[in-house]
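Peer 1: According to our numbering, the residues represented by the sequence shown are 23 to 245, in order.
Cβ atoms here follow ideal geometry from the backbone N, Cα and C, with glycine treated the same way.
Got a structure here, written out as structure tokens. Questions coming.
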Amino acid sequence: MSSLLHLNRVCKSYPSGRERLEVLIDLDLELEARRMLAVTGASGSGKSTLLHLIGGMEAPERGQIVFDGRDLGRLSRDELARFRNQELGFIFQFHHLLPEFTAQENVMMPLLLRRQSASQASTRAASMLAQVGLAERAHHRPGELSGGEQQRVAVARALVGRPRLLLADEPTGNLDAGTSRSIHQLLFRLHAENNLTSILVTHDEQLASQCEIQRRLEGGRLH
Ligand code: ADP
Ligand code: MG
């Protein structure tokens with residue numbers, strides 16, 4: 023099987039005083055469809071930077087990021103926006119839900135951005151909330167939900183548009199151990215049920231060991 027995601031000698035640095043901080047240095051990665059990759063690494067090693075590059079939110083200075091045969095660096099702004107909206111689900115450490123909207127309205131957002139009708143988006147969002155175990159909480163606002171429930175809503179929002187690639191950046195870094203475990207189980211189940219290709223950045227060695235592929239980011243490369 024050929025790889026769905028291919029990174030070829032990707033470099034990224036940031037200005038740091040008069041010098042530049044080299045974060046990713048000739049980083050290579052091949053990931054086949056439907057695999058789950060865990061990325062660990064010290065704080066500041068570049069894990070979030072790596073996900074932002076793969077998600078097309080930042081551009082590498084050198085090297086290529088190729089998703090399903092398409093070099094992200096060669097896409098127009100519109101094509102890149104479409105890639106992010108249609109192919110990609112992103113889960114962050116903090117849920118970033120909009121506080122004034124209900125869980126269901128938050129989950130509908132990516133579909134409304136795709137210009138789906140409100141009734142279609144609402145039906146699909148309700149079904150996605152049921153998949154994450156929150157059918158009963160659909161009309162609550164984020165402030166009325168627990169931390170674990172908020173993160174479940176964020177998972178539903180990431181997957182409502184049926185992306186092929188899921189990027190999760192320390193999705194349970196802010197939750198207690200028991201709640202984290204239940205979110206991990208949810209991610210494993212949704213990964214399998216939705217034919218996802220997933221990259222999970224985590225500090226949690228136990229979680230990483232449950233993923234079929236594990237790599238450590240160190241010295242700007244994956245080991
Ligand atoms: P991790 O997620 O592994 O903790 P990051 O990818 O967030 O690491 O950051 C890697 C390094 O790059 C850190 O030293 C961080 O301070 C630096 N960095 C990240 N983003 C920026 C930025 N926009 N400008 C300058 N430095 C940055
Ligand atoms: Mg980070």
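From R184 to D48, what does the alpha carbon distance come to, in whole angstroms?
Peer 2: The straight-line gap from Cα to Cα measures roughly 31 Å.
Peer 1: Determine the burial state of P193: buried for a count of at least 16 other Cβ atoms within 10 Å of its Cβ, exposed for fewer.
Peer 2: buried
Peer 1: Name the two residues that bound the continuous beta strand (DSSP E) containing H28.
Peer 2: 25 to 38
Peer 1: Taking 7 Å as the cut-off, does the CB of D93 come closer than this to any heavy atom belonging to the ligand MG?
Peer 2: no
Peer 1: CB L119 to CB L244, shorter than 8 Å?
Peer 2: In this structure, L119 lies away from L244, with their beta-carbon atoms at least 8 Å apart.
Peer 1: Kindly provide the ranges of any alpha helix (DSSP H) runs that are 4 or more residues long and lie completely inside the segment 31 to 95, ordered along the chain.
Peer 2: DSSP runs (the alpha helix (DSSP H)) wholly in the segment 31 to 95: 69 to 76.
Peer 1: With a 10 Å radius around its C-beta and 16 neighbouring C-beta atoms as the bar for buried, classify N128 as buried or exposed.
Peer 2: buried
Peer 1: Collect the residues with a C-beta less than 7 Å away from any heavy atom of the ligand MG and give them in sequence order along the chain.
Peer 2: K69, S70, D191, E192, V223
Peer 1: Comparing alpha-carbon positions, which option in F116, V61, F210, F89 lies nearest R106?
Peer 2: F89
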